[in-house]
Amino acid sequence: MLENKTYKTYLERYALNDYQINSDVDEKTDAIVVIPSFYEKGLFESLNSLASNSTNYKVAVFIVINESVDEDENIRQFHKSQHDKLKDWCKSESQSNISFYPGNICRFNKKKAGVGIARKAGMDEAFRQLNKFDKLNAPIICYDADSTCKIDFLEKTISHFQSNKKCTGVSIAFEHPIDSNDPKYRGILQYESHLHYYVFALRYAGFPYAFHTVGSSMACRADIYATVGGMNTRKAGEDFYFLHRVIPTGDFGQVHDTRIYPSPRISERVPFGTGRAMKDFTNGKEIETYSPEIFFLLKPIFEILNSGQEFSQFHKRHLLEILNPTLGIYMEEKGIFSNLQRASEEANEPGTRFKKYYEAYNGLEVLKTVHYLTSELHEKVPIESASRFMFEKYFHISNPPTQLEDILFLWRKLMYEKEYVSPAKQHS
């Protein structure tokens, strides 16, 4: 076991012990997949998709069935019956290279119960297991109990880490299944297009850490997992908050040559995300996105921060002169300019300043800025018009598609056809 103070402290002070497997994983394990599952009737379809993967790597899969301590009795009975079946399934379906572990049913305090704490419990056990065998360069892969995947998902994801030793984490290519006969068909097209649009809009503005943050399609190295403080326990958005701690740590990448297929089903368990968006759509609410004008307003800020140059009173005055007044006042009142000046003073060379700038003005702060500008300046717009604007201005595509399905297919092509080179690379 690696005696590292950071890892030891994490295990002793921050790791959960709610989820445990009955026996240690193979000491040659190359990756661990963690799957939180709550009242998931399609769990075995998801597991069969993983079991059908062909890989030369040794993989352990942890299934974390979870519920509240005062869960509805019907759900508790469902989980008990499912867990009994799961134990038998894991025994019969585990293979030489892919082993499945049912662990125990996790029961959490009502205030904490949700996907965040369930994901954390499984990932903490994954870290604990990999730490035992000094395998902290192995990835912990997040997957969802209602997702399926391509047959090469495990092979492609793990090989990305194996061939890129500096890789700290990845976002994995995903595509929501679309069916023109599904009542949610148009909503699915809108929502996934919005996800791709937002990432590219941030890249257009110059934000260096613009990647997808989807919980069912992400992974990070085990040592990085502990270094950033592990998974959080949020009931929703846990993936966004987690990855925006992982991405700045180093060589974060994108696995674009395989696919995860997340479920586009309706959900009332979380306040936002795919399930909530689908619920809103079925209630008659079109899925819109942020105005492209917002990202144009942000460009001057990122141009200065990406240079790594000092952020002085001069730069602050310069930005206040050229920025939209509403944005300038927001940055001033929220203390963002002051935080950037402080970050500049704490560093003496461009690379260090760059990192400190984006600790001060991180993905969450950028999203807050976008929300503020949406409420005060530019209201949300149809995803079709926003997409066409980005196709023309960012990608220089003349006569971009107008039909929603064609728009989504083009977004997928642009997102996954080549590796994204972040402005952060020049400071690595």
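The opening residue of the sequence shown carries number 914 in this note's numbering; numbering runs sequentially from there. Beta carbons: idealized from backbone N, C-alpha and C, even for Gly. Please read all numbers here as calculations on a predicted model, not as lab measurements.
Please report how far the alpha carbon of residue i lies from the alpha carbon of residue j, in whole angstroms.
| i | j | result |
| --- | --- | --- |
| E1068 | V972 | 10 angstroms |
| N979 | Q1042 | 20 angstroms |
| N930 | I1235 | 52 angstroms |
| P1121 | L1321 | 23 angstroms |
| P1205 | L1233 | 21 angstroms |
| L956 | K1033 | 19 angstroms |
| E1289 | G1197 | 25 angstroms |
| Y1220 | S936 | Sequence inspection shows Ser at residue 1220; the Tyr mentioned does not correspond to that position. Spanning the two alpha carbons is a distance of roughly 50 angstroms. |
| R1134 | P1238 | 42 angstroms |
| K1293 | K1079 | 38 angstroms |
| N961 | G1163 | 34 angstroms |
| D1059 | T1287 | 33 angstroms |
| Y1110 | K1097 | 20 angstroms |
| T1171 | I1249 | 39 angstroms |
| R1020 | F1046 | 28 angstroms |
| P1295 | F1124 | 22 angstroms |
| Y1154 | N1145 | 8 angstroms |
| S1084 | F1113 | 14 angstroms |
| M914 | K1212 | In this prediction, M914 scores a pLDDT of 49, lower than 50, which makes its location untrustworthy; the coordinate-derived value is nonetheless stated afterwards. In a straight line, the C-alpha of M914 is about 47 angstroms away from that of K1212. |
| F1013 | Q1339 | 41 angstroms |
| H1228 | N1077 | 37 angstroms |
| F975 | L1108 | 28 angstroms |
| Y920 | D943 | 19 angstroms |
| T922 | H1309 | 50 angstroms |
| S965 | I1064 | 6 angstroms |
| D983 | G1035 | 21 angstroms |
| D1095 | E1201 | 20 angstroms |
Between residue i and residue j, which are expected to be in contact by the criterion C-beta below 8 angstroms, what is the C-beta distance as a whole number of angstroms?
| i | j | result |
| --- | --- | --- |
| I1053 | Y970 | Actually they do not touch by this definition, with Cβ atoms about 14 angstroms apart. |
| F1224 | I1214 | Not quite, the Cβ-Cβ distance comes to about 10 angstroms (not below 8 angstroms), so this is no contact. |
| L1102 | L1317 | 5 angstroms |
| E1006 | Q933 | Going by Cβ atoms, the distance from E1006 to Q933 rounds to 21 angstroms, so no, they are not a contact pair. |
| G1082 | I1137 | 6 angstroms |
| V1159 | V1141 | 6 angstroms |
| A1256 | Y1243 | In fact, because the Cβ distance is near 18 angstroms, the residues do not count as touching under 8 angstroms. |
| G1391 | H1073 | Past the boundaries of the shown model lies residue 1391; the chain is included only from 914 to 1341, so the question cannot be answered. |
| P1336 | G1119 | 7 angstroms |
| V1127 | D1152 | 6 angstroms |
| Y1056 | S967 | Actually they do not touch by this definition, with Cβ atoms about 17 angstroms apart. |
| V1028 | K941 | About 30 angstroms separates the two Cβ atoms, so there is no contact after all. |
| F1304 | L1280 | About 23 angstroms separates the two Cβ atoms, so there is no contact after all. |
Evaluate residue i with the Cβ neighbour count: other Cβ atoms within 10 Å of its Cβ, from every protein chain shown; 16 or more gives buried, anything less gives exposed.
| i | result |
| --- | --- |
| I1259 | This sequence places Glu at residue 1259; Ile is not what is there. Exposed is the call here. |
| K1048 | buried |
| R926 | exposed |
| L1277 | exposed |
| K918 | exposed |
| I988 | exposed |
| E953 | buried |
| H1291 | buried |
| Q995 | buried |
| E1272 | exposed |
| N1044 | buried |
| T1315 | exposed |
| R1266 | buried |
| Y1161 | For the sequence presented, residue 1161 should be read as Pro rather than Tyr. Buried is the call here. |
| R1230 | exposed |
| S950 | buried |
Under three-state DSSP, which class holds residue i?
| i | result |
| --- | --- |
| N979 | strand |
| T919 | helix |
| F951 | coil |
| V1112 | helix |
| Y1274 | coil |
| A1051 | coil |
| M1036 | helix |
| T1126 | coil |
| Y1014 | strand |
| R1172 | strand |
| M914 | Model confidence at M914 stands at a pLDDT of 49, short of 50, so the residue's coordinates are unreliable and nothing is read from them. |
| L989 | This sequence places Arg at residue 989; Leu is not what is there. R989: helix per DSSP, three-state reduction. |
| T1315 | coil |
| T1287 | helix |
| T968 | coil |
| T1070 | helix |
| T1162 | helix |
| T1061 | strand |
| R1041 | helix |
| R1230 | helix |
| L1347 | In this structure the chain extends from 914 to 1341, so residue 1347 is not present and cannot be described. |
Taking DSSP's pairing of strands, which residues face residue i in a bridge?
| i | result |
| --- | --- |
| A928 | Partner(s): none; A928 has no beta bridge. |
| Q1167 | S1084 |
| E1201 | P1295 |
| F1021 | S981 |
| V946 | V974, I1054 |
| R1132 | Looking at the sequence shown, residue 1132 is not Arg but Ala. I1054, V1083, per the DSSP bridge assignment. |
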